[in-house]
Amino acid sequence: MERKWWTLIVVCVATFMLLLDITIVNVALPKIASSLKASFSDIQWVIDAYALTLAALLLTAGALADLIGRRLVFATGLGLFAFTSF
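For the sequence shown, numbering that gives the first Met the number 0 begins at 0 and goes up steadily by one.
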C-alpha cells in the first residue's frame, strides 16, 4: 500500500478518536449528574473543565511538537489516548 494511503488512514483514525474524545463527556454526563446529585450548573463546570484541559493539552502538545517533532508527539499522544481509554 502506498505511503499516502497509510497517511490518510492514520489521519482518519486520529480524527475519529478526537471526535470520540470530545463526545465522551456528553455521554457520561447523565451518570455523573445522578451519581453526584449535581445541578445543571454543576454539570456545566464538568464540561468547562474538560474543554479547558483539552485546550491546554493541545497548546502544550503543539509547542512540544515544534521542539521534538510532529510525528513523535502525534504517535505518543495517539498511543497514550488509546492506552488510557481502556
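Heads up, the beta-carbon is just placed ideally off N, CA and C, and yes, glycines get one too.
Exercise. Between the C-alpha atoms of S38 and N25, what's the straight-line distance to the nearest angstrom?
Worked result: Looking at the backbone, the Cα of S38 and that of N25 are separated by about 15 Å.
Exercise. Just the Cα atoms here: how many angstroms apart are A74 and F15?
Worked result: When only Cα atoms are considered, A74 and F15 end up about 15 Å apart.
Exercise. For the alpha helix (DSSP H) that A50 lies in, which residues bound it at each end?
Worked result: 39 to 67 is the extent of the alpha helix (DSSP H) around A50.
Exercise. Does the distance from the C-beta atom of I42 to that of A32 stay below 7 Å?
Worked result: Against a cut-off of 7 Å, the Cβ pair of A32 and I42 comes out as a contact.
Exercise. Do you know how far the Cα of G68 is from the Cα of K21?
Worked result: Reading off the sequence, residue 21 comes out as Ile, not Lys. I21 and G68 have their alpha carbons spaced roughly 25 Å apart.
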